[in-house]
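Following: one structure in structure tokens, then a few remarks.
Number of protein chains: 2
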Amino acid sequence: MHRAAARAFCVTEVAAFSFNKLVIFGVGLIGGSLARALRERGAFSDNVDGEKRVIGVGRTTKSSARALELGVVDATAAPDDDASLRDALSNADIVLLAAPVAQTQALLERIAPFLAPGTIVTDAGSTKSDVVAAARAALGERVRQFVPGHPIAGRESSGVDAALPDLYVNRNVVLCALPENPRESVETIAAMWRATGAAVHAMSPEQHDRVFASVSHLPHVLSFALVEQILNSPDAALKFSFAAGGFRDFTRIAASSPEMWRDVCVANRAALLDEIDDYTAVLARLRAAIDAGDGAALEAVFARSREARSAWQDRAANTAAVRTSSDDSPAK
Amino acid sequence: MHRAAARAFCVTEVAAFSFNKLVIFGVGLIGGSLARALRERGAFSDNVDGEKRVIGVGRTTKSSARALELGVVDATAAPDDDASLRDALSNADIVLLAAPVAQTQALLERIAPFLAPGTIVTDAGSTKSDVVAAARAALGERVRQFVPGHPIAGRESSGVDAALPDLYVNRNVVLCALPENPRESVETIAAMWRATGAAVHAMSPEQHDRVFASVSHLPHVLSFALVEQILNSPDAALKFSFAAGGFRDFTRIAASSPEMWRDVCVANRAALLDEIDDYTAVLARLRAAIDAGDGAALEAVFARSREARSAWQDRAANTAAVRTSSDDSPAK
């Protein structure tokens, strides 16, 4: 783990976090929930100087306008208008990129000319190695101002209307601090996320991408694949009409955004291919056991899986209570 | 579709169903819920003659005793005691096998010597081709008394304590009537399930096994396989600690009974192997698209899957309202 990251997590007083100006690129569920959480938790309370505090920069005028209408942002800026963007970014404490990861490099190139030296940029992308590469390409040595991040929060619903002030309470946020990041910058981003109720963890970008390829990206691919398989079968309608609870749970994530998951699959290609290959090997072993009628081998795998899944469920249920005091400890 | 099955579904008056004596082998969630549903819906109400109405025959004395204690059954019988079994089966209208499918042949062989000509036997097994083969082997020409069935109801919880009187309301029950079954016998079993609030459908055993291999058995294998893969990886603990909503939904069914799913996999081997092979081919195509960075191909599959999954969800949400009046029509 990078030294900068390992030293980064010493801000424990949530109330200590306050700032003047946050600029959010992509005011949807993730960015909108951050703004609402900080607002409700008083992160702006002792910094009254009349300036607009949260600026939303949307891909479309419509989404920004909606964020303004809902009071999620105090003002909006147009990403393709130099003056508007310069004004938005001047004196910004923090810039959050909450747009699809494939847009990271283009967004950072757009921001770079207007980026003040004291501003910290972070992101909310589901993949990190590609985001770091994009940031290095776009920012050069100013990559020191970019602290890569990933809040782990549900994305079945999307858009700023779905934004919630408590979306991040007891959720995990992973920061993949760069060797170039000043310790104080990482601390500031960690403190921002803690102020939303989240627990902050440190990983390298590679470790992050391996972990999420396994527990998030692969399950999405597998879920999409099952629906695709049924659609391609001759008796698809009959099969769908008898699909019940197991199918419902297994395929819930197949209702996720095709664009987002296309980008994730491409962005995290290497780690995801490794996981698909490992998974295919496990499935082939189960297939062989079924073919051989080897009930004992099947039962051993199923029992082991059930035990691990149940233990995970129990830990997850207990995490809310435990997390406040101890969840950051691995990063210390 | 068999002629007997196609003619079988003309009993529409729930109130018309009543009977004297039901014997349930395996009083767990499935058998216990049937007993409770029939009791609450008054299926016994106009047949008062002092006889015990529901007899539970458990694998263990303990489970039968618990069913008796809860009032789910009126009496219990010991499966390895000839006198007890003869007494339980005498004058029985219906016998339900709600034990693991692998026990079907042994159970029917045990029952056969005490089976009155007027008794109808049915089952609740998740697979049907193997159950039909077991019934033919155990009963010979008396297989005419055996009407294969499969109530599609959740099984994450199990045991008679989890039994609910409304478990089958708006659920599907598939009957795979045999050519040998008298029309009246199939009608009686269909009426029994309708009296619980379920919708009854007809399929051949082969069709049933193909459909459920696809929408139920395969997803279970895939879910168990994902947990197994993570367990086998060097950073399993880290992965589990960052698993979130997608993992939770995808692996909910990996908490299912290892014994039951071992039996299902072996019992439905042929259909399940076909599904695993089809699935592996779909996954290999997605892998190739990811490897090639073919975002358009991935997005097309993901978008198609999402649309189908969302349409399924919408239909499922509407089914409760629709089902009462029209869900049986395909079988008429």
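Chains W and Y, in that order, are what the protein sequence lines are. At position 272 of the first sequence the residue is numbered 272 (the numbering used here), and the sequence of numbers has no breaks. At position 246 of the second sequence the residue is numbered 1246 (the numbering used here), and the sequence of numbers has no breaks. Don't be surprised by glycine CBs; every beta carbon is placed ideally from N, CA and C. Only a predicted model underlies this, so the values are computations on that prediction, with no experimental measurement involved.
Determine the direct distance from the alpha carbon of residue j to that of residue i, and round the result to whole angstroms.
| i | j | result |
| --- | --- | --- |
| serine 223/W | aspartate 1277/Y | 16 Å |
| alanine 191/W | glycine 197/W | 10 Å |
| glutamine 1145/Y | leucine 1085/Y | 18 Å |
| alanine 321/W | alanine 1163/Y | Confidence in alanine 321/W is poor, its pLDDT being 37 and thus under 50, which makes the residue's placement too unreliable to answer from. |
| serine 1157/Y | alanine 244/W | 15 Å |
| alanine 1289/Y | alanine 270/W | 13 Å |
| histidine 220/W | alanine 254/W | 6 Å |
| alanine 78/W | lysine 52/W | 15 Å |
| valine 73/W | valine 54/W | 5 Å |
| serine 64/W | alanine 98/W | 13 Å |
| cysteine 1010/Y | aspartate 1130/Y | Interpretation of cysteine 1010/Y is limited by its pLDDT of 37, a score under 50 that renders its predicted location unreliable; the figure taken from the coordinates is listed afterwards. Looking at the two C-alpha atoms, the distance is approximately 28 Å. |
| leucine 226/W | isoleucine 30/W | 28 Å |
| leucine 1108/Y | phenylalanine 1025/Y | 10 Å |
| aspartate 1347/Y | glycine 58/W | The first residue shown for chain Y is 1001 and the last is 1332, placing residue 1347/Y beyond what the model contains. |
| serine 329/W | phenylalanine 1250/Y | The predicted model places serine 329/W with a pLDDT of 27, which falls under 50 and marks its position as unreliable, so this point remains unresolved. |
| lysine 1062/Y | arginine 1304/Y | 50 Å |
| arginine 306/W | alanine 1236/Y | 15 Å |
| threonine 1280/Y | valine 282/W | 11 Å |
| proline 1258/Y | alanine 296/W | 10 Å |
| alanine 1116/Y | asparagine 1318/Y | 43 Å |
| leucine 231/W | serine 1204/Y | 22 Å |
| alanine 112/W | asparagine 91/W | 14 Å |
| lysine 1128/Y | alanine 1300/Y | 36 Å |
| proline 1165/Y | glycine 1032/Y | 8 Å |
| glutamate 1040/Y | phenylalanine 1114/Y | 29 Å |
| arginine 1183/Y | cysteine 1176/Y | 13 Å |
| alanine 372/W | alanine 284/W | In the structure displayed, chain W extends from 1 to 332; residue 372/W sits before or after that span and is not available. |
Should residue i be labelled buried (16 or more other beta-carbon atoms within 10 Å of its own) or exposed?
| i | result |
| --- | --- |
| asparagine 1181/Y | buried |
| alanine 135/W | buried |
| alanine 1124/Y | buried |
| glutamate 1228/Y | buried |
| proline 100/W | buried |
| proline 1234/Y | exposed |
| glycine 1028/Y | buried |
| threonine 1076/Y | buried |
| glutamate 13/W | With a pLDDT of only 41 at glutamate 13/W, under the threshold of 50, the placement of this residue in the model should not be trusted; the figure read from the coordinates follows. Answer is exposed; the Cβ neighbour count stays below 16. |
| serine 1310/Y | exposed |
| glycine 71/W | exposed |
| glutamate 187/W | buried |
| aspartate 209/W | buried |
Are the Cβ atoms of residue i and residue j separated by less than 7 Å?
| i | j | result |
| --- | --- | --- |
| aspartate 263/W | alanine 102/W | yes |
| alanine 1316/Y | tyrosine 1168/Y | no |
| glycine 1056/Y | alanine 1043/Y | no |
| leucine 1178/Y | cysteine 265/W | no |
| histidine 1201/Y | valine 1174/Y | yes |
| isoleucine 189/W | valine 147/W | yes |
| aspartate 1020/Y | aspartate 1082/Y | Aspartate is not the amino acid found at residue 1020/Y; the sequence shown has asparagine there. Cβ atoms of asparagine 1020/Y and aspartate 1082/Y: not closer than 7 Å. |
| asparagine 268/W | alanine 213/W | yes |
| threonine 1060/Y | leucine 1096/Y | no |
With distances taken from CA atoms, which of the options is nearest residue i?
| i | options | result |
| --- | --- | --- |
| arginine 1142/Y | Ser1157/Y, Asp1130/Y, Asp1161/Y, Ile1120/Y | Ile1120/Y |
| phenylalanine 1242/Y | Gln229/W, Leu167/W, Val211/W | Val211/W |
| serine 1126/Y | Glu1228/Y, Ser1216/Y, Gln1313/Y, Lys1239/Y | Ser1216/Y |
| leucine 1286/Y | Trp261/W, Asn172/W, Glu40/W, Asp314/W | Trp261/W |
| leucine 22/W | Arg59/W, Glu109/W, Asp80/W, Gly118/W | Gly118/W |
| glutamate 1275/Y | Glu184/W, Glu275/W, Lys239/W, Pro258/W | Lys239/W |
| alanine 1199/Y | Pro1179/Y, His1150/Y, Ile1094/Y | His1150/Y |
| alanine 137/W | Thr104/W, Ala35/W, Arg39/W, Ala267/W | Thr104/W |
| arginine 194/W | Leu34/W, Arg66/W, Arg110/W | Leu34/W |
| arginine 1252/Y | Trp312/W, Ile189/W, Gly71/W, Ala284/W | Trp312/W |
| aspartate 1314/Y | Arg183/W, Ser185/W, Asp314/W, Arg248/W | Arg248/W |
| glutamate 206/W | Ala88/W, Phe17/W, Val95/W, Leu272/W | Leu272/W |
Listing by chain order, which chain Y residues have their CB less than 8 Å from the CB of residue i?
| i | result |
| --- | --- |
| serine 214/W | Gln1229, Ile1230, Ser1233, Lys1239 |
| valine 266/W | Ile1290, Gly1293, Gly1295, Leu1298 |
| isoleucine 152/W | Phe1242, Ala1244 |
Who are the neighbours of residue i on chain Y, taking C-beta pairs under 9 Å?
| i | result |
| --- | --- |
| serine 33/W | In chain order: nothing, as chain Y lies at least about 15 Å away. |
| asparagine 172/W | Ser1241, Phe1242, Ala1244 |
Name, please, each residue of chain Y whose Cβ falls closer than 7 Å to the Cβ of residue i.
| i | result |
| --- | --- |
| arginine 304/W | Glu1228, Leu1231 |
| proline 219/W | Leu1226, Gly1246, Phe1247, Phe1250 |
| serine 223/W | Phe1250 |
Please compile the residues from chain W whose C-beta is within a distance smaller than 7 Å of the C-beta of residue i.
| i | result |
| --- | --- |
| glutamate 1299/Y | Pro258, Glu259, Arg262 |
| threonine 1251/Y | Arg309 |
| threonine 1280/Y | Thr280, Leu283 |
Is there at least one Cβ from chain A nearer than 7 Å to residue i's Cβ?
| i | result |
| --- | --- |
| glycine 1197/Y | Among the protein chains in the structure shown, which are W and Y, there is no chain A. |
Under 8 Å Cβ-Cβ, which residues of chain W neighbour residue i?
| i | result |
| --- | --- |
| valine 1211/Y | Asp235, Leu238, Lys239, Phe242 |
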